[in-house]
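Chains as they are written, first to last, in UniProt numbering: chain A, 1 to 255; chain B, 1 to 118; chain C, 1 to 126; chain D, 1 to 580.
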Amino acid sequence: MATEITLEVARYRPGVDSEPVMQSYQVPLREHWAILDGLTYVKDHLDGTLSFRWSCRMGICGSCGMTVNGEPQLSCATFLTDYAPGPIRVEPLHNFPVVRDLVVDIDDFMTKLPKVKPWVVREVQSPVEEGEYLQTPEELDEYQQFSMCINCMLCYSACPVYSLEPDFLGPAAIALAQRYNLDSRDEGADERRDVLSSPEGVWACTFVGECSAVCPKGVDPAGAIQRYKLTAATQSIKELLMPRISRRLNSRSQG
Amino acid sequence: MNHRRSSPEPLLWMLFSSGGMVAALMVPILLFLFGIAFPVGLLSAPSHAHLYAVLHNPLTRLVLFGLCALALFHWAHRFRYTLYDGLQLKRYAVPIVVLCYGGAVVGCVIAAGLLLTV
Amino acid sequence: MSVYQRPVHLLWWLERRAYVLFVLRELSSVFVAWFVVFLLLLVNAVSDGTASYQRFLDWSGQWWVVAINVVAMLFVLLHVVTWFGLAPRAMAIKVRGRRVPAQQIVAAHYLAWLVLSAAVAWLVLR
Amino acid sequence: MADYHDVVVVGGGGAGLRAAIAVAETNPALRVAVISKVYPMRSHTVSAEGGAAAVAAPDDTLDEHAYDTVSGSDWLCDQDAVEAFVAEAPRELLRLEHWGCPWSRQPDGKIAVRAFGGMKKKRTWFAADRTGFHLLHTLFQTALSYSDIVRYDEWYVTKILVDDGRAYGVVAIELATGRIETITANAVILCTGGCGRVFPFTTNANIKTGDGMALAYRAGAPLKDMEFVQYHPTGLPFTGILITEAARAEGGWLLNKDGYRYLQDYDLGTPTPEPVLRNMELGPRDRLSQAFVHEMEKGNTIDTPYGPIVNLDLRHLGAKLIDLKLPFVRELCSKYQNIDPVTELVPVRPVVHYMMGGVHTDIRGATPLEGLYAAGEVACVSINGANRLGSNSLPECLVFGNRAGRAAAVFAARYHREVPSSIVAQGRDEARRLAAELGRRVEGHQRIADIRTEMQATMENGAGIYRDGDSLTKAAHELAELRLRFRHAGIDDHSTNFNTELIAWLELGFMLDVAECIIDSAALREESRGAHQRTDFPARDDERFLAHSLVRRQPDGSSRVGYLPVTITRWPPGERIYGR
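This is the structure:
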């Protein structure tokens with residue numbers, strides 16, 4: 001096995017470069033080394049000016065999403081040896097504005113996330129003194145996989161709809177909304193419906209399915225979206241067919 | 001709230017997905033028989049009398065109308081988004097919507113006319 | 001702060017294999033629509049009488065019509081495979097409180113497909 | 001003009017978010033802000049795996065939880081703090097449950113609890129083995145519902161502003177733009193976590209560089225019990241990734257090179273097939289890590305390119321239990337070690353995990369510096385004493401995050417003062433200093449990474465699981481030298497946008513301060529207690545050292561260590577007994 005591998009890293013210096021330029025670095029090719037280890041090697045020994053985000057290096061904090069050979073990946077969970085003999089092309093996540101080198105701006109997601117109310121909504125909050133809200137393992141299982149989202153943004157990077165339609169809420173935000181909709185303790189589905197069942201919500205999704213394919217945590221945002229479409233469409237048609245009943249329901253939930 | 005109730009998307013999506021399901025279940029066999037097997041002589045085509053009898057059954061006509069209508073709305077919805085995303089033509093949303101769903105409606109009317117006059 | 005925004009190519013879907021497959025899947029709808037046209041031509045021919053039906057059979061035997069239908073068949077099959085494959089992700093079906101596994105939902109779809117296809121074939125070929 | 005908030009929380013992890021919510025709930029009229037160098041959901045709380053302890057089962061009592069904590073701490077904790085902690089922990093975890101935390105459940109829908117090291121009863125709540133992740137995301141998402149909580153995401157705090165003995169805010173850099181801002185406040189809460197990164201081999205994330213400890217220390221607040229560094233017995237070799245104690249709580253065994261459960265040789269009980277509480281693999285972390293060192297000295301460990309290891313055996317647990325209770329362990333092993341714990345042994349070795357010490361606070365989270373509060377790993381209340389029990393740190397973040405938030409809210413409202421003009425001037429000076437550092441070009445300079453690597457090696461050699469006077473003296477000298485070199489370290493990156501090299505340079509400065517505090521505190525504690533084991537003073541010495549060390553920064557920049565008596569309420573110092 002070769003002892004080194006080439007990383008071709010996208011560099012972008014705002015105000016200096018008009019678009020990213022690729023720069024090559026030779027890094028040691030070692031077993032167990034993730035792409036991230038290669039990048040920190042560059043930062044520590046070759047070029048201190050390279051900027052990228054990272055923290056937990058165990059695939060749970062969601063900081064280090066990058067485009068590796070064209071695919072969105074967590075750079076801490078993608079290994080150099082899998083790409084030998086290289087070169088490995090490392091670029092920032094697609095579909096986001098690039099702030100610097102491999103760092104992208106995710107403010108858009110951070111602004112959209114609160115809009116889907118990703119928290120428990122209840123008409124009456126019981127005092128904690130009364131103990132826990134009961135939830136069976138089966139009820140937990142209903143939403144558990146959607147609670148696994150680490151907000152790493154790989155799904156947004158893989159979503160062509162998001163690249164074309166910047167107003168689209170996007171896979172992770174909708175999956176997190178469904179995480180609460182499907183939680184037996186939550187009563188907020190109706191409050192979330194306005195945002196979810198809007199043209200920028202689930203209806204913009206064409207089920208490309210790449211969000212789920214690239215998710216490092218096995219969340220299925222595409223599935224969450226399709227399930228929500230079915231729920232929302234059924235509800236809408238019920239309201240269309242039985243306007244009086246649904247109006248009464250609506251006025252109650254709004255009141 | 002008004003915005004939500006007036007949005008046609010849920011209805012259009014329901015038509016699209018029903019159409020997708022019906023098309024997946026029914027189109028392959030019909031297309032195989034009439035589009036490939038009979039024309040290339042893999043199987044001998046049924047007689048006119050037999051087909052005419054089958055078609056004359058109101059149930060057949062109802063099913064075929066359902067198939068045609070839903071399949072057309074399936075096409076309309078998917079094709080609309082293919083034009084929006086695949087060719088980035090969303091700026092022409094209005095003519096695209098007219099073309100797609102208008103086409104489907106016209107298709108439904110023609111289908112109804114033809115099936116009623118068998 | 002100046003940021004770099006990567007441009008979206010007109011044919012962005014050529015960038016990844018999965019995107020190409022997606023666009024092909026979406027284009028299958030065009031062939032579904034073509035099938036409706038083809039079917040309605042058949043219906044029209046049958047209702048116009050024997051001669052008209054024979055003319056339809058002759059026309060549909062022309063090489064280019066067969067070619068279109070073979071391509072249409074491939075696309076429709078792509079539609080079937082992708083549609084059935086994605087179905088369990090859009091529906092969470094429960095039987096007696098237990099979630100039905102995805103493979104069983106897919107299998108049920110294919111079963112329904114086989115039964116319906118057999119019924120149609122029987123009706124036409126009887 | 002500077003940004004003003006009534007309360008500024010520095011750090012957006014478990015303690016910080018809990019504190020911010022507490023401020024918002026205590027007094028909705030207060031303006032509260034959270035400043036964090038990463039987006040809150042990236043904070044290191046996310047990596048906690050095993051669980052959070054709080055009395056829940058009917059056969060358990062607060063006193064038992066308190067006693068386990070006190071004996072686990074080798075009697076160095078403050079027992080009033082422990083009593084408050086165990087009393088409030090269940091309420092905090094229930095609140096998390098109400099906020100949506102997906103705690104694992106019993107079949108009837110009640111909270112499930114698991115065993116944990118050093119605990120006499122099953123009382124550790126868990127969300128599979130991703131407890132910290134779920135806890136952090138639940139807190140973060142719940143915090144989003146408080147639209148009044150202002151967030152400064154990816155802002156790095158460089159200084160606490162102090163006037164006349166009171167904290168009035170901070171100076172921070174916005175990473176994306178390089179903008180330097182003075183953010184004033186009537187109270188500041190530090191929730192920046194620990195400093196595992198001063199050591200070479202740690203479970204800690206890259207962000208855990210002791211910023212808050214150094215910020216408080218430089219602002220004049222003392223650091224407490226800094227010599228107590230917890231080594232977790234089971235980290236993956238090379239990466240240092242944590243394999244949770246829950247793996248042993250569910251029944252995992254530690255085996256030496258002969259496949260022998262060696263813990264039985266270290267006064268930790270006798271091996272049983274089923275896990276027994278406070279026995280063998282369910283002993284406290286300090287004792288288990290020390291046992292590893294003895295095994296190594298006996299030649300019973302296995303040498304690998306990444307150091308000596310022992311094996312964690314989970315094979316007898318079976319795939320079903322592992323997938324249900326330890327799915328993350330399986331994922332981490334397969335991804336980072338290329339092994340499947342269902343069929344293979346997991347190589348592990350002790351790894352720096354947690355700082356028992358931190359910024360000295362009272363039971364309300366207040367530091368001696370007026371207006372400055374601290375909670376979570378950055379703080380030392382102390383409930384952890386000389387050794388923290390596994391699964392006590394998550395509830396600590398919640399209980400004391402809540403307490404610090406409430407106390408700061410009351411303080412900020414009751415003692416509200418106009419921010420003195422000197423504070424703004426200090427802010428301007430700090431901004432000038434940072435700008436100068438950013439522009440400073442050094443010829444043939446020292447690399448940041450080299451100094452950092454040498455500092456980490458120094459810490460491991462000088463203040464590892466076992467220390468002695470010589471190793472500590474040597475470490476102190478090496479640190480002094482590294483400090484000199486650090487003055488000549490420069491950065492290559494002079495740009496203002498997302499300059500991670502500037503941040504790394506600032507972090508290194510903080511880490512050198514914290515490292516010095518650890519070494520100096522350890523050198524003066526001439527006894528062995530909990531995680532602080534001196535080979536030259538192998539016994540516990542309650543006469544001289546039943547006391548917290550307090551290290552203060554002197555005007556000349558050097559440190560001075562003093563002592564503070566331990567608070568004892570109901571459990572007089574006794575022998576730590578496990579497995580018998």
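For glycine and all other residues, C-beta sits at the position ideal for the given N, C-alpha and C.
Below-8 Å beta-carbon distance, Trp75/B vs any chain C residue: For the purposes of this step, residue 75/B is taken as residue 75 along the second sequence, with counting starting at 1. Chain C, which has a Cβ nearer than 8 Å to the Cβ of Trp75/B, makes this yes.
With C-beta atoms as the reference, is Leu263/D less than 8 Å away from Leu312/D? On the fourth sequence, residue 263/D is found 263 positions in, with the first residue counted as 1. On the fourth sequence, residue 312/D is found 312 positions in, with the first residue counted as 1. No, they are not a contact pair.
Under 8 Å between C-beta atoms, does Glu19/A make it to chain D? For the purposes of this step, residue 19/A is taken as residue 19 along the first sequence, with counting starting at 1. Judged by the 8 Å Cβ criterion, Glu19/A is not in contact with chain D.
Once DSSP output is grouped into helix, strand and coil, what is the label at Lys159/D? Taking the first residue of the fourth sequence as 1, we reach residue 159/D at position 159. Looking at Lys159/D - three-state DSSP - the assignment turns out to be strand.
In the region 90-103 of chain D, which residues sit with their C-beta less than 7 Å from some C-beta in chain A, listed in chain order? Arg91, Leu94, Arg95, Glu97, His98, Trp99, Gly100, Pro102
For Gly439/D, count neighbouring C-beta atoms within 10 Å of its own C-beta (all shown protein chains included) and say buried if the count is 16 or more, exposed if not. Stepping through the fourth sequence from its first residue, residue 439/D is reached at position 439. Exposed.
According to a CB-to-CB cut-off of less than 8 Å, which residues of the region 96-109 of chain C neighbour chain A? Gly97, Arg99
What does the alpha-carbon distance come out to for the pair Ala71/B and Phe75/C? Residue numbering aside, residue 71/B sits at position 71 when the second sequence is read from its first letter. Residue numbering aside, residue 75/C sits at position 75 when the third sequence is read from its first letter. About 14 Å.
Would Cys100/B pass as an interface residue toward chain A - the criterion being a Cβ-Cβ separation below 8 Å? If you number the second sequence from 1, residue 100/B lands on position 100. No, no contact with chain A.
Find the residues of chain A that neighbour Leu14/C, judging by a C-beta separation of less than 9 Å, and give them in chain order. Translated into positions along the third sequence, residue 14/C becomes position 14. Those do not exist, as Leu14/C stays about 11 Å from chain A at its closest Cβ, beyond 9 Å.
Identify every run of the alpha helix (DSSP H) within the region 256-328 of chain D, keeping only runs that are complete inside it and at least 4 residues long; order them along the chain. 285-297, 318-325
Cut-off 7 Å between Cβ atoms - residues of its own chain near Thr60/B, not counting five sequence neighbours on either side: Looking up residue 60/B in the second sequence gives position 60. Correct list, in chain order: Val54.
Note down, one range per segment and in chain order, each alpha helix (DSSP H) of at least 4 residues found wholly within the region 33-116 of chain A. 35-41, 107-112
Nearest to Trp13/B (by Cα), restricted to the options Trp54/A, Cys205/A, Cys61/A, Val104/A: In the second sequence, residue 13/B corresponds to position 13, counting from 1. Out of Trp54/A, Cys205/A, Cys61/A, Val104/A, Cys205/A has the C-alpha closest to the C-alpha of Trp13/B.
List the residues of chain B whose Cβ lies closer than 8 Å to the Cβ of Ser2/C, in chain order. Sequence index remark: in the third sequence, residue 2/C carries index 2 (1-based). In chain order: nothing, as chain B lies at least about 25 Å away.
Quick one: which chain A residues come within Cβ less than 7 Å of Val8/C? Position 8 of the third sequence, counted from the start, is the residue given in the question as residue 8/C. Within 7 Å Cβ-Cβ: Ser163, Leu164.
Rounded to whole angstroms, how far is the Cβ of Tyr217/D from the Cβ of Arg553/D, which I believe are closer than 8 Å? Mapped onto the fourth sequence, residue 217/D falls at position 217. Mapped onto the fourth sequence, residue 553/D falls at position 553. About 5 Å; that satisfies the 8 Å criterion.
So, is the C-beta of Phe22/C closer than 8 Å to a C-beta in chain A? Here residue 22/C refers to the residue found at position 22 when the third sequence is read from its first residue. At least one chain A Cβ lies under 8 Å of Phe22/C.
Can you list, in chain order, the residues of the region 62-75 of chain C whose Cβ is nearer than 9 Å to any Cβ on chain B? Gln62, Val65, Val66, Ile68, Asn69, Val70, Ala72, Met73
Tell me the rounded alpha-carbon separation between Ser47/B and Ser17/B. Taking the second sequence and counting its residues from 1, one reaches residue 47/B at position 47. Taking the second sequence and counting its residues from 1, one reaches residue 17/B at position 17. Whole-angstrom Cα-Cα distance: 35 Å.
Look at Val170/D and Ile183/D and say whether their C-beta atoms are less than 8 Å apart. On the fourth sequence, position 170 is the one that residue 170/D refers to. On the fourth sequence, position 183 is the one that residue 183/D refers to. The answer is yes: Cβ separation under 8 Å.
Who are the neighbours of Thr49/A on chain D, taking C-beta pairs under 8 Å? Position 49 of the first sequence, counted from the start, is the residue given in the question as residue 49/A. The answer, in chain order, is Asp492, Asp493, Ser495, Glu501.
Who are the near neighbours of Glu49/D in its chain, counting only those whose CB is closer than 7 Å to its CB and skipping five residues on each side? Reading the fourth sequence from its first residue, position 49 is the one you call residue 49/D. Taken in chain order, the residues that qualify are Asp129, Arg130, Thr131, Gly132, Leu242, Thr244, Ala246, Phe328.
By Cβ distance below 7 Å, which residues in the same chain neighbour Leu564/D in space, the five residues on each side in sequence not counted? By 1-based counting over the fourth sequence, the position of residue 564/D is 564. Here the set comprises Ala547, His548, Leu550.
What is the DSSP secondary structure of Val346/D, counted as helix, strand or coil? Here the question's residue 346/D lines up with position 346 in the fourth sequence. Val346/D falls in the strand class under three-state DSSP.
Exposure of Trp83/C, with buried meaning 16 or more beta-carbon neighbours within 10 Å: For the purposes of this step, residue 83/C is taken as the residue at position 83 of the third sequence. Classification for Trp83/C: buried.
Out of Leu288/D, Arg576/D, Ile189/D, which has the shortest C-alpha to C-alpha gap to Val7/D? The residue given as residue 7/D occupies position 7 in the fourth sequence. The candidate whose alpha carbon is nearest that of Val7/D is Ile189/D.
For a contact meaning CB atoms closer than 9 Å, what does Tyr81/B contact in chain C? Against the second sequence, residue 81/B aligns to sequence position 81. Those are Glu26, listed as they occur along chain C.
Could you tell me which residues DSSP pairs with Val355/D in its beta bridges? Residue 355/D sits at position 355 when you count from the first residue of the fourth sequence. Note on identity: in this sequence residue 355/D is Met, with Val being the wrong assignment. Paired residue(s): Val229/D.
When you compare the CB of Pro72/A with every CB in chain B, is at least one pair closer than 8 Å? For the purposes of this step, residue 72/A is taken as the residue at position 72 of the first sequence. So, not an interface residue.
Restricting to Cα atoms, I'd like to know which of Ile149/D, Asn499/D, Asp492/D, Glu478/D is closest to Asp520/D. The residue you call residue 520/D lines up with position 520 of the fourth sequence. With distances taken between Cα atoms, Asp520/D lies closest to Glu478/D.
Tell me the rounded alpha-carbon separation between Phe126/D and Glu250/D. Stepping through the fourth sequence from its first residue, residue 126/D is reached at position 126. Stepping through the fourth sequence from its first residue, residue 250/D is reached at position 250. When rounded, the distance between both Cα atoms is 12 Å.
Give the DSSP bridge partners of Trp125/D, in chain order. Position 125 of the fourth sequence holds residue 125/D. Answer is Ala52/D, Val113/D.
Spatial neighbours of Arg166/D within its chain, please: C-beta separation below 6 Å, excluding the five flanking residues on both sides. Looking up residue 166/D in the fourth sequence gives position 166. The answer, listed in chain order, is Glu370, Gly371.
So what's Leu242/D in DSSP terms, helix, strand or just coil? Taking the fourth sequence and counting its residues from 1, one reaches residue 242/D at position 242. In this structure, Leu242/D counts as strand in the three-state DSSP scheme.
Hey, Tyr266/D and Ala291/D are a contact pair by Cβ (cut 8 Å); roughly how many whole angstroms apart? Counting from 1 along the fourth sequence, the entry for residue 266/D is found at position 266. Counting from 1 along the fourth sequence, the entry for residue 291/D is found at position 291. The Cβ separation is near 4 Å, so the contact holds.
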